[in-house]
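Below: one structure, written as structure tokens.
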Amino acid sequence: MSGLRVRAVGAVVTICDEGRPGRMRWGVPASGPMDPGGLAALRRAVGPGPAIEVSLGGLEFAVEGAPCTLAVAGGGFEVRRNGLDVSAPCAFGAFPGDVVRIAPARRGGAWAYLGAPGGFDAPLWQGSAATHVSSGLGGGVLEAGMLLRFGAPRIDYAAQGPIPVPERPAGPFRLVLGPQDRHFPPEAIGTLLSAEWRATARGDRMGMGLDGPPVRPDGALSIPSEPLVRGAVQVNGEGRVTVLAADHQTAAGYPKIAVMVAADHGRFAQLRPGDRVRFRAVTPKEGVALVREGDHPIG
Numbered sequence: 033m034s035g036l037r038v039r040a041v042g043a044v045v046t047i048c049d050e051g052r053p054g055r056m057r058w059g060v061p062a063s064g065p066m067d068p069g070g071l072a073a074l075r076r077a078v079g080p081g082p083a084i085e086v087s088l089g090g091l092e093f094a095v096e097g098a099p100c101t102l103a104v105a106g107g108g109f110e111v112r113r114n115g116l117d118v119s120a121p122c123a124f125g126a127f128p129g130d131v132v133r134i135a136p137a138r139r140g141g142a143w144a145y146l147g148a149p150g151g152f153d154a155p156l157w158q159g160s161a162a163t164h165v166s167s168g169l170g171g172g173v174l175e176a177g178m179l180l181r182f183g184a185p186r187i188d189y190a191a192q193g194p195i196p197v198p199e200r201p202a203g204p205f206r207l208v209l210g211p212q213d214r215h216f217p218p219e220a221i222g223t224l225l226s227a228e229w230r231a232t233a234r235g236d237r238m239g240m241g242l243d244g245p246p247v248r249p250d251g252a253l254s255i256p257s258e259p260l261v262r263g264a265v266q267v268n269g270e271g272r273v274t275v276l277a278a279d280h281q282t283a284a285g286y287p288k289i290a291v292m293v294a295a296d297h298g299r300f301a302q303l304r305p306g307d308r309v310r311f312r313a314v315t316p317k318e319g320v321a322l323v324r325e326g327d328h329p330i331g
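At position 178 of the sequence shown (counting the first as 1) the number is 210 in our numbering, and the numbers step up by one without a gap.
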């Protein structure tokens, strides 16, 4: 049987696809990729089908059974085949017995995507192979020893080579203030937009906590639970800021001081602990225009 035999794997390396948007009304998170742009770049090389989302813990596997084309895109990761460097992001050929290692590189980035033509064979839940980590639903979390079977094993020489990746905007992450910004004094909103924040290790696929000065609401912690979206900037009772990510819960009662525009979700997800973060406010009209320009999903 042909596929990739997992030899070593870090935490939260999962089966991934575009997720299951439109089901949050039934309490089902959208899940999907932490970096939608990284997965989209992979699709340009090898097409649709379940892929692998690789975390900072990395992944090492051996090719079994049949030659194949593999592709890696996303964050700043190094790829080595039989100990030799493969210049990612790219698609490349691999043969039975080859050992491939994907690990974070010095240049930054927290998530990479591994794919093959036809994708990997994975169970679907609610029409998607995307893994919801806390529940275990979807394709699942990878473990050492498991075999990732190819959906349609083949080697595609035409697909091999560098993967073009559009340049991402630099600078502050863009926020639309609200829906509960009215519960925060002007100085708290000023702190959010003027302070230099730091990404922390207090993060997972549900969201990332930031280190910085407290942003305290004016007694807004008694608001009823309400639906959430990815990119919502939640503030807890201590004034700590968390930005929600792909596996975010579908409802909660913490006040949301702002929402990050979808065009910046992937860039934000690629932050590593210690990276600097700054925010800039944009109008709702500007936020919608940014989403439409980049064709980014909402959810």
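Glycine residues also receive a C-beta, built at the ideal position from the N, C-alpha and C atoms. All of these numbers come straight from a predicted model, not from anything done at the bench.
Sort the options by Cα distance to residue i and report the nearest one.
i    : options                : result
Q133 : R139, L116, V60, C122  : In the sequence as presented, Gln is not what sits at residue 133; that position holds Arg. Out of R139, L116, V60, C122, L116 has the C-alpha closest to the C-alpha of R133.
P121 : G106, P128, R112, V131 : G106
D130 : H164, E110, C100, L156 : C100
P61  : R262, E325, D213       : R262
R112 : G97, Q212, G90, A72    : G90
Identify every residue that forms a DSSP beta bridge with residue i.
i    : result
G241 : T274
K288 : Q266
A227 : DSSP output for A227 lists no bridge partner at all.
T46  : E85, V173
P259 : A283
L180 : L36
For residue i, which three-state DSSP category applies?
i    : result
G331 : With a pLDDT of only 41 at G331, under the threshold of 50, the placement of this residue in the model should not be trusted; the figure read from the coordinates follows. Looking at G331 - three-state DSSP - the assignment turns out to be coil, as it is neither helix nor strand.
W58  : helix
A220 : helix
F205 : strand
E325 : helix
D117 : strand
H164 : strand
P316 : helix
G298 : helix
A283 : strand
R112 : strand
Cβ of residue i less than 8 Å from any chain B Cβ?
i    : result
F109 : The displayed structure is made up of one protein chain only, and chain B is not part of it.
Near residue i, which residues of its chain fall below 7 Å by C-beta distance, leaving aside the five closest residues on each side in sequence?
i    : result
G298 : D67, P68, G69, G70
A154 : I47, P82, A161, G171
Got a sec? Which residues, its chain only, sit under 6 Å from residue i by beta carbon, not counting five neighbours each side?
i    : result
P316 : V208
E50  : G64
In chain order, what residues of the same chain have a beta carbon less than 8 Å from the beta carbon of residue i, not counting five sequence neighbours either side?
i    : result
Q281 : P61, M238, L260
V323 : V293, A294, A295, I330
A284 : S257, E258, L260, Q266
P233 : Reading the sequence as shown, one finds Ala at residue 233 and not Pro. Excluding residues within five positions, the ones whose Cβ falls inside 8 Å are P305.
Along the chain, which unbroken stretches of the beta strand (DSSP E) at least 3 residues long are found entirely within the segment 54-105? 83-86, 91-96
Which full runs of the alpha helix (DSSP H) of 4+ residues lie inside the segment 122-156, going along the chain? none
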